[in-house]
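Protein sequences appear in the order of chains R and D.
Using our numbering, the letters of the first sequence correspond one by one to residues 1 to 282.
Using our numbering, the letters of the second sequence correspond one by one to residues 1 to 607.
We treat Cβ as the ideally placed atom computed from N, Cα and C, and that holds for glycine.
All values derive from a computational prediction rather than experimental measurement.
Presented below is the structure to which this report refers.
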Amino acid sequence: MTDTTEVGDPMLHVEHLDVTFPGRGWRAEPFRALRDVSIDIAPGECLGLVGESGSGKTTLGRAILGLVPASGGKVEFDGRRLDGMPRQERRRLSSEIQVVFQDPYTSLNPSLSIGDILAEPLTASGVSRRDARARVGGLLDAVNLPSDAASRLPREFSGGQRQRVAIARALALRPKLIVCDEPVSALDLSTQARVLDLFIELQERTGVAYLFVSHDLQVVRHISHRVAVMYHGEIVETGPGNQVTSAPDHPYTQKLLLAAPVPDPAEQARRRQARHQLAGGR
Amino acid sequence: MSENENVVPVAGGTPPATTGPKAGRGVVGRMARNPLAVAAVVVLVAVVGVSIAAPLLTPFGPNEVIAGLARRPPGAGHPFGGDGAGRDVLSRLLFAGRLTLTGAVVTVVVAMLIGIPSGLLAGYHGKWFDSVSSWFANILIAIPGMVLLLAFIAAAGPQTVPVMAVFGVLLSPGFFRLVRAAVQSVRGELYVDAARIAGLSDARIISRHVVSVVRGPIVIQAAISAGAAVLIQTGLQFLGLGEQGKPSWGQMLSDAFTNIYSAPYLVFYPGLTIAITVAALALFGNALRDALQDRPVRRRRRVDRARAGAASDTTRDVSNASAEAARGPAGEEPLLSVRGLTITYPGDTGDRAVVRGVDLTVDRAQVVGIVGESGSGKTQSAFAVLGLLPTEARIAAGSIRFDGSELSSLDRKARGALRGRRIAYIPQEPMSNLDPSFTIGYQLTEPMRVALGISRAAARNRALELLGTVGITDPLRTFHSYPHQISGGMAQRVLIAGAISCDPELLIADEPTTALDVTVQAEILDLLRGLQRDRGMALLLVTHNFGVVADICDRVVVMQDGRVVEENDVTTVFAAPGHDYTRMLLDAMLDDTSPRPPLVSTTAGRN
Numbered sequence: 001m002t003d004t005t006e007v008g009d010p011m012l013h014v015e016h017l018d019v020t021f022p023g024r025g026w027r028a029e030p031f032r033a034l035r036d037v038s039i040d041i042a043p044g045e046c047l048g049l050v051g052e053s054g055s056g057k058t059t060l061g062r063a064i065l066g067l068v069p070a071s072g073g074k075v076e077f078d079g080r081r082l083d084g085m086p087r088q089e090r091r092r093l094s095s096e097i098q099v100v101f102q103d104p105y106t107s108l109n110p111s112l113s114i115g116d117i118l119a120e121p122l123t124a125s126g127v128s129r130r131d132a133r134a135r136v137g138g139l140l141d142a143v144n145l146p147s148d149a150a151s152r153l154p155r156e157f158s159g160g161q162r163q164r165v166a167i168a169r170a171l172a173l174r175p176k177l178i179v180c181d182e183p184v185s186a187l188d189l190s191t192q193a194r195v196l197d198l199f200i201e202l203q204e205r206t207g208v209a210y211l212f213v214s215h216d217l218q219v220v221r222h223i224s225h226r227v228a229v230m231y232h233g234e235i236v237e238t239g240p241g242n243q244v245t246s247a248p249d250h251p252y253t254q255k256l257l258l259a260a261p262v263p264d265p266a267e268q269a270r271r272r273q274a275r276h277q278l279a280g281g282r
Numbered sequence: 001m002s003e004n005e006n007v008v009p010v011a012g013g014t015p016p017a018t019t020g021p022k023a024g025r026g027v028v029g030r031m032a033r034n035p036l037a038v039a040a041v042v043v044l045v046a047v048v049g050v051s052i053a054a055p056l057l058t059p060f061g062p063n064e065v066i067a068g069l070a071r072r073p074p075g076a077g078h079p080f081g082g083d084g085a086g087r088d089v090l091s092r093l094l095f096a097g098r099l100t101l102t103g104a105v106v107t108v109v110v111a112m113l114i115g116i117p118s119g120l121l122a123g124y125h126g127k128w129f130d131s132v133s134s135w136f137a138n139i140l141i142a143i144p145g146m147v148l149l150l151a152f153i154a155a156a157g158p159q160t161v162p163v164m165a166v167f168g169v170l171l172s173p174g175f176f177r178l179v180r181a182a183v184q185s186v187r188g189e190l191y192v193d194a195a196r197i198a199g200l201s202d203a204r205i206i207s208r209h210v211v212s213v214v215r216g217p218i219v220i221q222a223a224i225s226a227g228a229a230v231l232i233q234t235g236l237q238f239l240g241l242g243e244q245g246k247p248s249w250g251q252m253l254s255d256a257f258t259n260i261y262s263a264p265y266l267v268f269y270p271g272l273t274i275a276i277t278v279a280a281l282a283l284f285g286n287a288l289r290d291a292l293q294d295r296p297v298r299r300r301r302r303v304d305r306a307r308a309g310a311a312s313d314t315t316r317d318v319s320n321a322s323a324e325a326a327r328g329p330a331g332e333e334p335l336l337s338v339r340g341l342t343i344t345y346p347g348d349t350g351d352r353a354v355v356r357g358v359d360l361t362v363d364r365a366q367v368v369g370i371v372g373e374s375g376s377g378k379t380q381s382a383f384a385v386l387g388l389l390p391t392e393a394r395i396a397a398g399s400i401r402f403d404g405s406e407l408s409s410l411d412r413k414a415r416g417a418l419r420g421r422r423i424a425y426i427p428q429e430p431m432s433n434l435d436p437s438f439t440i441g442y443q444l445t446e447p448m449r450v451a452l453g454i455s456r457a458a459a460r461n462r463a464l465e466l467l468g469t470v471g472i473t474d475p476l477r478t479f480h481s482y483p484h485q486i487s488g489g490m491a492q493r494v495l496i497a498g499a500i501s502c503d504p505e506l507l508i509a510d511e512p513t514t515a516l517d518v519t520v521q522a523e524i525l526d527l528l529r530g531l532q533r534d535r536g537m538a539l540l541l542v543t544h545n546f547g548v549v550a551d552i553c554d555r556v557v558v559m560q561d562g563r564v565v566e567e568n569d570v571t572t573v574f575a576a577p578g579h580d581y582t583r584m585l586l587d588a589m590l591d592d593t594s595p596r597p598p599l600v601s602t603t604a605g606r607n
């Protein structure tokens, strides 16, 4: 368990990535959402990405997915440049990079049945309708949903179950990388733990890699092999999960760690003290 | 015609399941239960059928002049009588329907052909096409329709199809705007992003995810446009600008007016036909809109009340007994005492209880946390104390006593007077609780002037002082800011400032930090703790986060499925949880789990 973070060649390689959004209004300053971001993800690895709202962590995920254009730097996947790739070509890559969004309520089309939602990426990639239907059962099974779920509508399911459907949809094309954008933050505590365990189990079984975006250091600590911390559009710290989430180097990560309340009144009082000291000593 | 499409949103050969088609059956089912909708559909079908079958229904040609029939009243062989020129009114009426319907169809088809594709494109792709097409749509709307039609007829003649096609162009902005707005709202949905990432082409995303959303509104717009087309067409015909040689409703009306003194009844037939047809189209559109809105009407209110009376009688004894038990050892009454609270909502199969027999006690200057997962009834219980439950919710049993007086027996006005003076509230979403069109200062001072009866200047000074108290560094600047100019954490500070402006004895906070970042959450909790301590305020905190509870609460109430499963000191709950559910929740916290070890090559090798 020494320095094992270098596991072969990275599958996803992001180098000096910049993303800029045009400012709102006449001659407004453009907004730099990402500045000089570099990350690597190896096959089968989970990279946790922590940051607060507005830090750019979701933008990084969307840039990798091709939903926002890069204004500088490069994104490489399996040796191919993703940034600036034409949409036609990018679509063919859809089987390799998939996504699970935060909100399980708006990420599933309310008027389509679960079976249709899961079959959609398959039929889009050229699988016949019949084969797609047959694979839906297996997908539901993989995320521990009953197979009769296929004929039902999203609104008949709870948030946790919907998120399982979204995970199944991401798995449908057997991708190599799934971008998980806050996939458990809309869920209840007990559901959250179960869905996280499902993510880990699926990773160990299929060898898929995750970019796991979350604002919650504890969630990221639970699931990530390595953790990157984002602040104001920049990565301020990257390292093994254990080290970043228990003995961080960067003051911002330290602040983040101490700010998360723990379920122990005495320990929480100590942490509060430590946080006040950190704030005072700055 | 197209209402059938709305019935089956679950397309694509889904095997019918017991619960599956519920969504689809709804629209037609609700239409069928609406008598006006049924009547409208019957009338429309009848008008279309009769117009098509006109030659079979009447032996007379529409332009056939029958000797001696001029202005003859209704009688044998000619049920509607004859018109001014001696033609059979019934056969003219039937044949005229063809022209009117053709015109209406031409108008609607042209409007849809122009409006829908351009709306889809403008809404989905946006950019330059959106600007250009919106500009054209606005110009079309600005053109006075009747004037353009008259000019067109003067230039190109009164042929029905081209004239109504021009009218269709004039109506196309209606479809364009409708579709564009619907598509724009769908385009931002995550499931459209997900479809894009799943590799679907744009055409497929539009046909599968976007069209299903605009289908209903398009049918409604089509019905309304058809009504407008019938009216404008008959109007032109009435003015004598209709197609010559063909019978039309407007022309019949015009003919009737020339004979108004000799045969006044002639006005009725075309007049009634036009009115009924247009009304049927409008009613059909309205009924479809109502059906699509998916709002079942509550009809059981009276029964509810009767049942409520019975229920509360039986539970009253119990709640009295527990109220006695709730008194502290000193016999002093707590600030807030909730006993046996039961809240029900009307459901499909009778009333559904979301809170069942909840007991809750908050002493002065005490911080009590209600913890539970979504659906546990924690927010409902807090809202019942505030008196802010939705109208369909009903307190079926129990008592809520605040400082010795029973809240549920107070009328709305007395309840309102209590809120914001002695009981204050902090919401979960700070941003949605501030009105974007007023400054922070206005939103802080207005309630103060009403609640405390102070002058504008005094309220302003107090607001600035409070903004300082809640840790805002530049109170004056925030005072003059609009909500969109401040961050979520600042907005929550502003709301806290508003909540404490009247020195409340009890502050109810519903997940006050859930929407905030952890670092901001820590600051807000520090602020709440400080304010609570300095002012000796009681705090009832609704949360799902045990960390927040550990940070600030003295006592904890754990709720599950509308019931209190455990209530105890904060230290006891964390050190020795008494209920399995509490233990399960605490175990689900990820704090003490071991972090995932770094990836070693064996795991990666499996790929």
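Where does residue i sit, in a helix, a strand or coil, going by DSSP?
{"i": "D:Ala182", "result": "helix"}
{"i": "D:Met559", "result": "strand"}
{"i": "D:Glu446", "result": "helix"}
{"i": "R:Gln288", "result": "Outside the displayed span of chain R (1 to 282) sits residue 288 of chain R, for which this structure offers no information."}
{"i": "D:Ser405", "result": "strand"}
{"i": "D:Phe438", "result": "coil"}
{"i": "D:Lys246", "result": "coil"}
{"i": "D:Tyr482", "result": "coil"}
{"i": "R:His225", "result": "coil"}
{"i": "D:Leu283", "result": "helix"}
{"i": "R:Thr58", "result": "helix"}
{"i": "D:Gly328", "result": "In this prediction, D:Gly328 scores a pLDDT of 45, lower than 50, which makes its location untrustworthy; the coordinate-derived value is nonetheless stated afterwards. Note: D:Gly328 maps to coil in three-state DSSP."}
{"i": "R:Ile167", "result": "helix"}
At 7 Å on the CB atoms, spell out the chain D contacts of residue i, in chain order.
{"i": "R:Ile167", "result": "Those within 7 Å of R:Ile167 in chain D number zero; the least Cβ separation is about 12 Å."}
{"i": "R:Pro265", "result": "Ala550, Val570, Thr571, Phe574"}
{"i": "R:Leu256", "result": "Val518, Thr519"}
Can you check which of these residues, the options, is closest to residue i by C-alpha distance?
{"i": "D:Ile440", "options": "D:Leu476, D:Arg352, D:Ser405", "result": "D:Leu476"}
{"i": "D:Arg72", "options": "D:Pro173, D:Gly84, D:Asn63", "result": "D:Gly84"}
{"i": "D:Ile197", "options": "R:Gly159, R:Ala28, R:Glu96, R:Gln254", "result": "R:Glu96"}
{"i": "R:His215", "options": "D:Glu566, D:Val570, D:Thr519, D:Val565", "result": "D:Thr519"}
{"i": "D:Phe238", "options": "D:His125, D:Pro270, D:Leu36", "result": "D:Pro270"}
{"i": "R:Leu36", "options": "R:Cys46, R:Leu60, R:Gln268, R:Ala266", "result": "According to the sequence displayed, residue 36 of chain R carries Asp and not Leu. Comparing Cα positions, the closest option is R:Leu60."}
{"i": "D:Phe175", "options": "D:Ile116, D:Ala491, D:Leu539, D:Trp135", "result": "D:Ile116"}
In chain D, which residues lie with their C-beta within 8 Å of the C-beta of residue i?
{"i": "R:His222", "result": "Leu590, Thr593, Pro595, Arg596"}
{"i": "R:Phe101", "result": "Leu190, Asp193, Ala194"}
{"i": "R:Asp188", "result": "Glu373, Ser374, His544"}
{"i": "R:Ala134", "result": "Correct list: empty, because the minimum Cβ distance to chain D is about 13 Å."}
Interface residues of chain R around residue i at Cβ under 8 Å?
{"i": "D:Arg204", "result": "Ala124"}
Exposed or buried, which one is residue i when buried takes at least 16 other CB atoms within 10 Å?
{"i": "R:Gln277", "result": "exposed"}
{"i": "D:Arg583", "result": "exposed"}
{"i": "R:His222", "result": "buried"}
{"i": "D:Pro598", "result": "buried"}
{"i": "D:Ser131", "result": "exposed"}
{"i": "D:Gly68", "result": "exposed"}
Using the beta-carbon of each residue, which ones in chain D are nearer than 9 Å to residue i?
{"i": "R:Ala259", "result": "Asp517, Val518, Thr519, Val520, Gln521, Ala522, Glu523"}
{"i": "R:Gly233", "result": "Chain D residues near R:Gly233: none, gap ~15 Å exceeds 9 Å."}
{"i": "R:Ala33", "result": "Those within 9 Å of R:Ala33 in chain D number zero; the least Cβ separation is about 17 Å."}
Starting from residue i, follow the beta strand (DSSP E) in both directions and report where the run begins and ends.
{"i": "D:Asp351", "result": "350 to 362"}
{"i": "R:Asp36", "result": "31 to 41"}
List the residues of chain R that residue i touches, going by C-beta distances under 7 Å, in chain order.
{"i": "D:Phe546", "result": "Pro263"}
Over the uninterrupted alpha helix (DSSP H) stretch that includes residue i, give me the two end residues.
{"i": "D:Ser131", "result": "127 to 142"}
For residue i, go through chain R and note every residue whose CB falls closer than 9 Å to its CB, in chain order.
{"i": "D:Ser212", "result": "Asn109, Ser111, Leu112"}
{"i": "D:Ile472", "result": "Under the 9 Å cutoff, chain R gives no residues; its nearest Cβ is about 17 Å from D:Ile472."}
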